[in-house]
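Colleague:
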Amino acid sequence: MAAAKTVDDYLAALPEEVRPVLHEVRRTLHAAVPGAGETISYGIPALTSGGRAVVYFAGWKHHISVYPVPDTAGDAALEAELTPYRAGRGTLKFPLNHPVPLPLLARVAARLLEQRTDRPEDAD
-19 MAAAKTVDDY LAALPEEVRP VLHEVRRTLH AAVPGAGETI SYGIPALTSG
31 GRAVVYFAGW KHHISVYPVP DTAGDAALEA ELTPYRAGRG TLKFPLNHPV
81 PLPLLARVAA RLLEQRTDRP EDAD
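This is the structure we're talking about:
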């Protein structure tokens, strides 16, 4: 399979059972990051704001992933909600055999946007 050049191409190439879930994830993330752009980076979709990647998402055979995990310092409730989905330092993994917690993904994206906005340009 050739590398996707657009998010629509990426989604179209996903297995049938993954595609509708990732469409919902995409809509949820867009709602949380108003005016976001889209790009393919590292081979997966990313939402951008001000030319900077805010959040990445990907579909796999048995799960979807969202990257990176926001800094949860000072927000024990958010950390507790994210803990069951952590799959490494910077990855949230949501199995497809359970409903994806879309409100949680919206909070993650909003938090990442806030953190990216607060970072200096050379922090990448």
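The sequence shown: position 32 = 12 (our numbering), numbered continuously.
Even for Gly, the Cβ is constructed at its ideal location relative to N, Cα and C.
Does Ser45 pass the burial test, meaning 16 or more other C-beta atoms within 10 Å, or should it be called exposed?
Modeller: buried
Colleague: What three-state label does DSSP hand Ala86 in the structure shown?
Modeller: Looking at Ala86 - three-state DSSP - the assignment turns out to be helix.
Colleague: According to DSSP, is Tyr65 helix, strand or coil?
Modeller: helix
Colleague: Is Pro107 buried or exposed, if buried means 16 or more other CB atoms sit within 10 Å of its CB?
Modeller: Outside the shown range of the chain (-19 to 104) lies residue 107, about which nothing can therefore be said.
Colleague: Is the stretch 82 to 95 touching the stretch 26 to 46 in the sense that three or more CB pairs, one from each, lie closer than 8 angstroms?
Modeller: The stretch 26 to 46 vs the stretch 82 to 95: in contact.
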